[in-house]
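Asker: Pasting in a structure now, in structure tokens, and then I'll have a few things to ask.
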Amino acid sequence: QVQLVESGGGLVQAGGSLRLSCAASISGFTINAMGWYRQAPGKQRELVATISSGGTTNYADSVKGRFTISRDNAKNTEYLQMNSLKPEDTAVYYCNARVGVRLTNYWGQGTQVTVSS
């Protein structure tokens with residue numbers, strides 16, 4: 216059983232910062248890659264950033280240089296530091312984890328991030 220719980224969303228003005236956290240409750244499995252995705256109203260869910268178990272990161276072009284993904288393997292927790300936020304970053308942000316040898320996908324419930332202009 217794997218559960219992902221996000222926290223840290225909210226309302227911020229353009230240019231501000233937010234930090235998202237995602238804590239994984241997991242038993243008997245290994246978390247491989249973790250990531251953050253987002254979905255804005257009327258749009259498809261898109262990748263924001265991923266991080267491997269070894270710490271290799273990957274970012275969407277739209278967030279490079281502004282967002283930083285990190286993880287604490289001992290705590291099964293990942294983070295997304297978001298700086299220089301823009302109104303177009305407004306979306307529901309979802310935590311993702313790929314678990315076990317089959318890399319099964321698990322998703323959090325989502326956390327709303329709203330950036331006002």
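Heads up, the sequence shown is in the working numbering, so the first residue is 216 and it goes up one at a time.
Glycine residues also receive a C-beta, built at the ideal position from the N, C-alpha and C atoms.
#1: So is aspartate 287 buried or exposed if we call it buried at 16+ other beta carbons inside 10 Å?
#2: CB-CB under 6 Å to glutamine 218, same chain, minus the five flanking residues each way: which ones, in chain order?
#3: In this structure, how does DSSP classify aspartate 287 when only helix, strand and coil are distinguished?
#4: Taking 8 Å as the limit between beta carbons, can you name the residues of its chain near glutamate 261, skipping five residues before and five after?
#5: Can the beta-carbon of glutamine 259 be found less than 8 Å from the beta-carbon of serine 242?
#6: Label glutamate 303 either buried or exposed according to how many other C-beta atoms from any shown protein chain fall within 10 Å of its C-beta, with 16 as the threshold for buried.
#7: Mark asparagine 320 as exposed unless 16 or more other C-beta atoms lie within 10 angstroms of its C-beta, in which case mark it buried.
Answerer: The short version:
#1: exposed
#2: Ser240
#3: strand
#4: Tyr252, Arg253, Gln254 and Ala275
#5: no
#6: exposed
#7: exposed
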